[in-house]
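Asker: First to last, the sequence lines map onto chains L and V.
Note that the numbering used here has the first sequence beginning at 91, numbered continuously upward.
Note that the numbering used here has the second sequence beginning at 18, numbered continuously upward.
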Amino acid sequence: MSAAAEGARKRTGAPSWLGPVAARAGTLVLQVLGVVTIVFVLVRVFLDNPARALAGQNQSPEAIAAITERLGLDGSLPQQFWSYLTSLFQGDLGDAFSTGNPVLTDLRERVPATLLLITVALAIAAVIALLLAAAVTARPRGLLARGVSGYGFVAGALPDFWIGLALVFVFYFQLGVVPAPAGQLDPAYSVEIVTGAAVIDALIAGNMAAFSDALAHMALPVATLVLVYTGPILRLTMTASRSGLGMDFVRFGRALGLRQRRITWYAVRNALPTFVTILGTTYGFLLGGAVLVETVFSWGGAGQYAVAAVQQSDFAALQGFVLVAGIFSALVYLAVDLLYYVVDPRARA
Amino acid sequence: MSLRELLTVLRGDRALAAGVVIVAISLLLAAIGPWIVPFDPERATGEVLLAPSLEHPFGTDASGIDVFSRVVAGFRADVTIAIVAVALSLAGGVVLGALAGFDFRSPWAGRGRWTILRLADMVQALPVFILALALVGMTGPSVRNVIVAIAFVNLPIFLRLTRGAVLVTQREAYVDAARVMGLPSRVTLRRHVLPNSMEPVIANASITVGFAVLLTAGLSFLGAGVRPPTPEWGATIASGSRNLVTGEWWISVLPGLVLSVVVLGFALLGEGLRRRWSPADRTAGDPRLQAGPR
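Printed below as a string of structure tokens:
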């Protein structure tokens with residue numbers, strides 16, 4: 091959270107929470123500018139000649155000169171930054187030589203597949219984590235509580251790509267209940283690509299056979315992400331709701347003779363701000379963090395695009411992806427801060 | 018602390034003890050692993066895709082290399098990279114964090130603090146894995162570049178931890194005493210504030226080493242880290258993924274198991290230290306202070 095938003099929150103103190111929300115949304119612009127700036131700086135620090143790198147395989151002097159001019163690389167640093175900004179605002183992220191398309195087009199085709207994967211996985215992880223945290227809070231010393239805290243700790247240490255491979259071995263090779271880990275849809279089905287996420291495209295086309303095949307393809311990658319990322323969400327939520335159990339309002343509730351269920355709910359409610367924060371952090375991380383799982387299942391999303399870009403030194407594509415990922419996580423953090431007003435009454439005061 | 022005291026502590030905290038043992042073995046194997054392997058980890062034995070046996074505990078891979086030897090020798094790459102990278106970001110983070118937290122009583126200090134914190138914000142706005150991948154991608158896959166990338170993405174964590182601890186420590190009476198005695202700010206910071214602000218930083222360093230191992234293996238899994246033939250876990254897991262769908266599970270599964278145990282060991286050690294040093298830790302719930310969201 092930015093200091094400006096915090097300050098605004100403290101000063102207004104008015105019943106209307108619109109002011110601070112607007113202030114917080116305003117900082118989004120600054121954050122995005124920050125992301126843009128750091129990408130600009132990193133490219134210039136780590137590449138001797140961005141034009142040569144961006145030219146890719148077409149290393150003719152004319153091509154390099156053209157890019158140098160288009161990016162304004164012959165100008166001073168502030169001039170360069172300005173021309174970089176203006177081309178960004180025109181939606182020009184450059185061309186990816188690995189696919190031959192503008193980077194923006196490539197990303198538009200691939201980001202939805204990744205978004206679908208991580209959104210479904212995170213939603214399932216969130217529900218499981220919240221239910222388990224509530225169960226543990228109801229019986230903090232039970233057997234379940236021990237098992238759950240053990241899982242919460244271990245899951246965070248597991249390499250997701252390794253879990254994915256292990257699941258492929260068990261459920262594809264041994265049990266044969268899921269399709270091979272190759273893409274989002276069996277090539278036997280032809281579905282018109284609208285969003286780039288096969289499950290949604292099949293629904294749009296009204297092709298139910300393709301839809302269920304796409305769901306089957308999605309099962310293991312989602313299960314992998316859920317297995318690994320439920321752990322840390324669960325652990326932090328559990329810690330927060332347990333600490334809620336020791337707070338005065340819970341003791342007061344007990345003294346009043348409230349039912350155990352009600353008390354558990356109050357304690358879990360105390361954990362909601364933590365829960366929302368860790369959900370947001372995980373979501374922001376996953377757009378890029380799912381690259382390994384995407385690679386294991388040849389998912390063909392934005393993450394795999396970034397990996398291919400790194401492997402082929404396709405800097406325009408890489409730069410474009412880092413930008414999109416940065417903007418995405420800035421948006422997620424904004425959503426998290428706004429959700430605070432919903433789940434935490436103290437933030438509204 | 019004497020050896021006897023250490024043993025008493027470890028007996029009372031099994032999780033910490035497990036962490037200490039795993040970390041000790043990891044460090045030992047990082048030092049001598051490549052010298053004690055039963056087979057050459059870079060040369061084929063001639064027997065391809067053997068299942069685990071007494072002679073080859075982890076089997077052999079598609080080119081006939083003994084997987085167990087690759088895993089044991091792989092401690093050197095993964096653990097060393099992680100430790101060096103975390104040491105670098107620890108050093109940088111402590112210096113910047115001290116500058117961003119300590120009250121220097123100088124008109125310039127405020128602006129410096131603001132700049133450092135906003136820079137940390139910017140770096141942390143980018144997803145960790147992608148930032149590391151992009152850095153290695155731009156500089157080329159080599160051990161040195163992987164170390165630099167991992168050090169860079171973890172630096173803000175140590176910066177924030179140090180700053181947080183310094184903000185608390187400098188309110189202590191002995192710091193006021195040092196100031197009143199006329200000690201220069203630099204000396205007060207170095208001799209009195211920093212040494213008393215290191216506990217949360219060091220506890221976290223151990224956890225971060227675990228995640229740095231995970232990051233190294235992840236990058237190498239994608240071919241953007243340590244390249245074969247150098248023995249490394251992520252690359253070994255990747256090489257075995259082709260055989261997994263035909264049933265030869267050991268090439269990927271067993272190295273991944275070792276990798277998980279090592280990451281867990283460093284996390285157990287770090288959490289154990291944190292438990293001992295600050296029983297009621299307020300930073301535990303702040304995701305900005307953790308390596309990755311995990």
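Even glycine gets a Cβ: it sits at the ideal position worked out from N, Cα and C.
May I ask which residues mark the beginning and end of the alpha helix (DSSP H) holding residue 430 (chain L)?
Answerer: Residue 430 (chain L) -> alpha helix (DSSP H) spans 405-433.
Asker: Can you find a C-beta in chain B that's less than 8 Å from the C-beta of residue 415 (chain L)?
Answerer: Although the question refers to chain B, the structure presented lacks it and instead comprises the protein chains L and V.
Asker: To the nearest angstrom, how far is the alpha carbon of residue 386 (chain L) from that of residue 425 (chain L)?
Answerer: Their backbone Cα atoms lie some 30 Å apart in a straight line.
Asker: Kindly indicate which three-state DSSP category residue 103 (chain L) falls into: helix, strand or coil?
Answerer: With a pLDDT of 47 at residue 103 (chain L), under the threshold of 50, the predicted position of this residue should be treated as unreliable, though the coordinate-derived value follows. In the structure shown, residue 103 (chain L) sits in coil (DSSP, three-state: anything other than H, G, I, E or B).
Asker: Kindly indicate if chain V contains any beta-carbon less than 8 Å away from that of residue 444 (chain L).
Answerer: This structure leaves residue 444 (chain L) out entirely; chain L is present only between 91 and 439.
Asker: Looking at the structure shown, is residue 97 (chain V) part of a helix, part of a strand, or coil, going by DSSP?
Answerer: Three-state DSSP puts residue 97 (chain V) in a helix.
Asker: Assign residue 32 (chain L) to one of three DSSP states: helix, strand, or coil.
Answerer: This structure gives no information on residue 32 (chain L), because the portion of chain L shown stretches from 91 to 439.
Asker: Name the one or two DSSP bridge partners that residue 168 (chain L) has.
Answerer: BP columns for residue 168 (chain L) are empty, so no partner.
Asker: Return the residue from the list L:157, L:120, L:311 that minimises the CA-CA distance to residue 273 (chain L).
Answerer: Measuring from the Cα of residue 273 (chain L), the nearest candidate turns out to be L:311.
Asker: Using the beta-carbon of each residue, which ones in chain V are nearer than 7 Å to residue 378 (chain L)?
Answerer: The answer, in chain order, is 144, 146, 147.
Asker: Name, please, each residue of chain L whose Cβ falls closer than 7 Å to the Cβ of residue 138 (chain V).
Answerer: In chain order: 124.
Asker: Anything in chain V within Cβ reach of residue 238 (chain L), meaning under 8 Å, just list it in chain order.
Answerer: Residues of chain V passing the Cβ test: none, with the nearest at roughly 16 Å.
Asker: Tell me which residues of the segment 241-267 of chain V have at least one Cβ-Cβ distance to chain L shorter than 9 Å, keeping chain order.
Answerer: Within the segment 241-267 of chain V, the residues whose Cβ lies closer than 9 Å to some Cβ of chain L are 241, 250, 251, 254, 255, 257, 258, 261, 262, 263, 264, 266, listed in chain order.
Asker: If you run the structure through DSSP and keep just helix, strand and coil, what is residue 182 (chain L)?
Answerer: Three-state result, residue 182 (chain L): coil.
Asker: Between the Cα of residue 265 (chain V) and the Cα atoms of V:33, V:77, V:50, which residue gives the shortest distance?
Answerer: That would be V:77, whose Cα lies nearest to the Cα of residue 265 (chain V).
Asker: For a minimum of 4 consecutive residues, which ranges assigned as the alpha helix (DSSP H) are wholly contained in the segment 160-203 of chain V?
Answerer: You should have 160-186, 190-197.
Asker: Roughly how many whole angstroms lie between the Cα atoms of residue 25 (chain V) and residue 246 (chain L)?
Answerer: For residue 25 (chain V) and residue 246 (chain L), the distance between alpha carbons rounds to 29 Å.
Asker: So, are the CB atoms of residue 103 (chain V) and residue 222 (chain V) less than 8 Å apart?
Answerer: It is a contact, given that the beta carbons lie within the stated cut-off.
Asker: With burial defined as no fewer than 16 other Cβ atoms inside 10 Å of the residue's Cβ, what is the status of residue 193 (chain V): buried or exposed?
Answerer: Burial call: exposed.
Asker: Who are the neighbours of residue 231 (chain V) on chain L, taking C-beta pairs under 7 Å?
Answerer: Within 7 Å Cβ-Cβ: 249.
Asker: How would you list, in chain order, the residues of chain V whose beta-carbon sits under 7 Å from the beta-carbon of residue 121 (chain L)?
Answerer: Ordered by position in chain V, the residues that pass the 7 Å Cβ test against residue 121 (chain L) are 142.
Asker: Can you list the alpha helix (DSSP H) stretches of 4 or more residues lying completely in the segment 212-256 of chain L, in chain order?
Answerer: Whole alpha helix (DSSP H) segments, 4+ residues: 233-245.
Asker: Please list, in chain order, the chain V residues whose beta carbon lies closer than 8 Å to that of residue 178 (chain L).
Answerer: Here the premise fails: no neighbours, minimum Cβ distance about 16 Å.
Asker: Exposed or buried, residue 199 (chain V), counting other C-beta atoms within 10 Å across all chains shown (16 or more means buried)?
Answerer: It counts as exposed.
Asker: Alpha carbon to alpha carbon, how far is residue 62 (chain V) from residue 6 (chain V)? Give it in angstroms, no decimals.
Answerer: This structure does not reach residue 6 (chain V), given that chain V is present from 18 up to 311, and the question cannot be answered.
Asker: Taking the alpha-carbon positions, what's the residue 235 (chain V) to residue 232 (chain L) distance?
Answerer: Their backbone Cα atoms lie some 36 Å apart in a straight line.
Asker: Under 8 Å Cβ to Cβ from residue 118 (chain L), same chain only, skipping five residues before and after it: list those, please.
Answerer: So the qualifying residues of the chain are 420, 421, 424.
Asker: For residue 267 (chain L), count neighbouring C-beta atoms within 10 Å of its own C-beta (all shown protein chains included) and say buried if the count is 16 or more, exposed if not.
Answerer: Counting Cβ neighbours within 10 Å, residue 267 (chain L) comes out exposed, since fewer than 16 surround it.
Asker: Tell me whether residue 120 (chain V) sits in a helix, a strand or coil according to DSSP, three-state version.
Answerer: In this structure, residue 120 (chain V) counts as coil in the three-state DSSP scheme.
Asker: Mark residue 328 (chain L) as exposed unless 16 or more other C-beta atoms lie within 10 angstroms of its C-beta, in which case mark it buried.
Answerer: With 16 or more other Cβ atoms within 10 Å, it is buried.
Asker: Anyone know if the C-beta pair for residue 216 (chain L) and residue 407 (chain L) falls short of 8 Å?
Answerer: Going by C-beta atoms, residue 216 (chain L) is not nearer than 8 Å to residue 407 (chain L).
Asker: Sort L:179, L:226, L:431 by Cα distance to residue 335 (chain L) and report the nearest one.
Answerer: Out of L:179, L:226, L:431, L:226 has the C-alpha closest to the C-alpha of residue 335 (chain L).
Asker: Give the straight-line distance between the Cα atoms of residue 153 (chain V) and residue 184 (chain L), rounded to the nearest whole angstrom.
Answerer: When rounded, the distance between both Cα atoms is 21 Å.
Asker: Closest Cβ-Cβ distance between residue 270 (chain L) and chain V: below 8 Å?
Answerer: Yes, because at least one Cβ of chain V sits closer than 8 Å to the Cβ of residue 270 (chain L).
Asker: Counting only Cβ pairs nearer than 7 Å, list the residues of chain V close to residue 262 (chain L).
Answerer: By Cβ distance, chain V contributes 262.
Asker: Go ahead and label residue 275 (chain V) buried or exposed: buried means 16 or more other beta carbons lie within 10 angstroms of its beta carbon, across all protein chains shown.
Answerer: That one is buried.
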